[in-house]
Amino acid sequence: MSETETAPAPAPGIVTDMEPETQTARKIDDEEEEKIRRQKTLEEALEAQSLRRIISAYLNYAEASEEDLKRWERSYRKLSPAHKALVPHFPMKFQRLRKCVSANSLFIDNMLQAFEPPIDLSQELDGCEDSNLECAPHEKYTLDERHDSSCQPALTNSCTYQEESKHIREPIAGVSIEELQRKEAHDHSPKDHSADTKINNKTCECDGGQLNHDHSSVSFSSHNWLDSSIQTHVPLVDVDKVRCIIRNIVRDWAAEGQRERDQCYKPILEELDSLFPNRQKDSTPPVCLVPGAGLGRLALEISCLGFICQGNEFSYYMMICSSFILNNTEDPGEWTLYPWIHSNCNSLSDNDQLRPIAIPDIHPASAGITEGFSMCGGDFVEVYNESSHAGMWDAVVTCFFIDTAHNIIEYIETISKILKDGGVWINLGPLLYHFADTYGHGNEMSIELSLEDVKRVATHYGFVIEKESTIETTYTTNPRAMMQNRYYTAFWTMRKKCAIATT
Ligand code: SAH
């Protein structure tokens, strides 16, 4: 039935006015729908392009490392015979380095093999060639790469994802928080094309064949999306991000990262433990969100502590890797990586530089997680500003995260909005604003507040500081290097005292 048939008879005199108005309204609706559809197609194509670029960066890792090696060899060859004689082990070191690169590549290959692209990667941007990387979103959005000078920088069988331009939303494990499920089931608004995957508890039953100890049998052939056409040349800066990810793996998933985890994660875990003493007795465990979850270790530890924990992360670099470790690990130490081979600087010895690191240090699926552990991909502000999250969380934990914002005030406002009254925000990190020095990207917004200002803004959003201290820590630092950057991070617990009207 048409609208005119169902509409009550209009009063005389108004009919002629109403008709065109109704038509115009319908036309506007159609136009609006078409606009939204086009926008969505564009966002998906951008997303596909961005993801292709990230996969290419991973695929280019071996080649780029070989380039470095060749350069080092060329320099060596330029030495005079007398000088060469003083470093006779160099050719052997280069061969050893090649083997290390192969081992790292093997891990990367297997990781990509296990990855299920959430979108059709063949989507092209009209008028924008795949090789035209200028059209891809700036990858600096996707990886925090600022925390080190040389690198300044949950569990399921199937994952679906949601994508937004520049931002992914990739649940790794299922979400058992009722509100989230309800939202995902009913929210089909064009802005939020979400599809959080529910956890299925078969975490450890993931395609085990991929990760037996005979890694050599793995090939790409079973994944036709991962054929050679996906690999395009990417700028070296992208391959650097892959190297940063390898260092992040040490931070989160190696025994060698324990000291750094003790510095950064332990104070947070102890604080959560003391703030929620009765959590085991409660009928449902408290819910905790970790925005900017990186490779997921902190979120996993919080889950193991007896919280329903969700990590949120928007970098595909990170998500591909955390998903692999969380979902595909069969045994602790099943992979050997050589994270420190890419720099010859500040090494005490070649053996230090070439030392192997076994990962992961634990078997995530048997670590004792609390049901409902999940990872959710996407931009923190976009995902959690949805009304379904308002007042839902007992705790928000941010570790080396708040300074990744274009606008830190928006982060604080969102944290306040999603916390329950009386909920806590625990933060540990510096204020090394990610977008502070965006040379060449003059239009990038970056609001850089001092710690004092951050606290003032937090007070405005209803927070009361309960605890505050400074914690000295490193971030993805080689513990045996002759140079180690340190941060004097702000560590605080704030409590949301009251609901406040946000504008
Ligand atoms: N908490 C982790 C990672 C810190 S690095 C740790 O302590 O090791 C900051 C992380 O935040 C990066 O992984 C980056 O990709 C992510 N990130 C940055 N901006 C984000 C945003 N708007 N939404 C979600 N994640 C974001």
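Residue numbers for the sequence shown follow UniProt numbering, beginning at 1 and rising by one.
Think of the CB as a built atom: it goes at the ideal place given N, C-alpha and C, for glycine as much as any other residue.
Distances from the CB of E256 to the heavy atoms of the ligand SAH are all 7 Å or more.
Within the segment 311-384, the runs of alpha helix (DSSP H) at least 4 residues long that lie entirely inside it are, in chain order, 316-328, 350-353 and 380-384. For the 8 Å CB-CB criterion, I369 and C321 do not form a contact. In terms of side-chain proximity, the C-beta atom of R251 is found nearer than 7 Å to a non-hydrogen atom of the ligand SAH. Counting the other CB atoms within 10 Å of its CB gives P360 a total of 16 or more, which places it among the buried residues. At a cut-off of 4 residues, the continuous stretches assigned as alpha helix (DSSP H) that sit fully inside the segment 42-109 are 61-77 and 81-86. Apart from sequence neighbours up to five positions away, the residues of its chain that approach P286 with a beta-carbon distance below 6 Å are F276, R279, F307 and D394, ordered along the chain. Secondary structure at S469: strand, using DSSP grouped into helix, strand and coil. Per DSSP, N248 lies in no beta strand (DSSP E) segment; the continuous alpha helix (DSSP H) that holds it begins and ends at L236 to W253.
Here T398 is near G292, since their CB atoms are less than 8 Å apart.
Here DSSP, grouped into helix, strand and coil, assigns G429 to strand.
Distance from the CA of T474 to the CA of Y265, rounded to the nearest whole angstrom, comes to 12 Å. Not one heavy atom of the ligand SAH falls within 7 Å of the beta-carbon of T414. For the pair Y338 and N104, the CB atoms are nearer than the 8 Å cut-off. In the three-state scheme derived from DSSP, where H, G and I count as helix and E and B as strand, T22 is classed as helix. A direct Cα-Cα distance of roughly 19 Å separates C244 from L326. Looking at the backbone, the Cα of A299 and that of R77 are separated by about 48 Å. In terms of Cβ geometry, S416 and G462 form a close pair [threshold 8 Å].
The shortest CA-to-CA distance from L451 to any of G423, L106 and N427 is the one to N427. By the Cβ criterion, the segment 401-416 is not in contact with the segment 335-350, since fewer than three pairs of Cβ atoms, one from each stretch, lie closer than 8 Å. Going by C-alpha positions, Y488 is about 15 Å away from I402. For the options P117, E301 and D252, the alpha carbon positioned closest to that of L295 is the one of D252. Rounded to the nearest angstrom, the Cβ distance from Y433 to V242 is 24 Å, too far for a contact under 8 Å. With respect to the C-alpha of V290, the residue from I268, K281 and A114 having the closest C-alpha is I268. Taking C-beta atoms under 8 Å as the contact rule, L97 and I341 qualify, at a distance of about 6 Å. Going by DSSP, Y461 is part of no alpha helix (DSSP H) at all; its letter is neither H nor E.
Distance check between P235 and each of I447, I54, L42 and M494 places I54 closest, using alpha-carbon atoms only. With a cutoff of 8 Å on beta-carbon distance, P118 and W225 are scored as not near each other. For the pair F324 and G377, the CB atoms are not nearer than the 8 Å cut-off.
For S315, the Cβ falls inside the 7 Å cut-off from some heavy atom of the ligand SAH. In the three-state scheme derived from DSSP, where H, G and I count as helix and E and B as strand, I119 is classed as coil.
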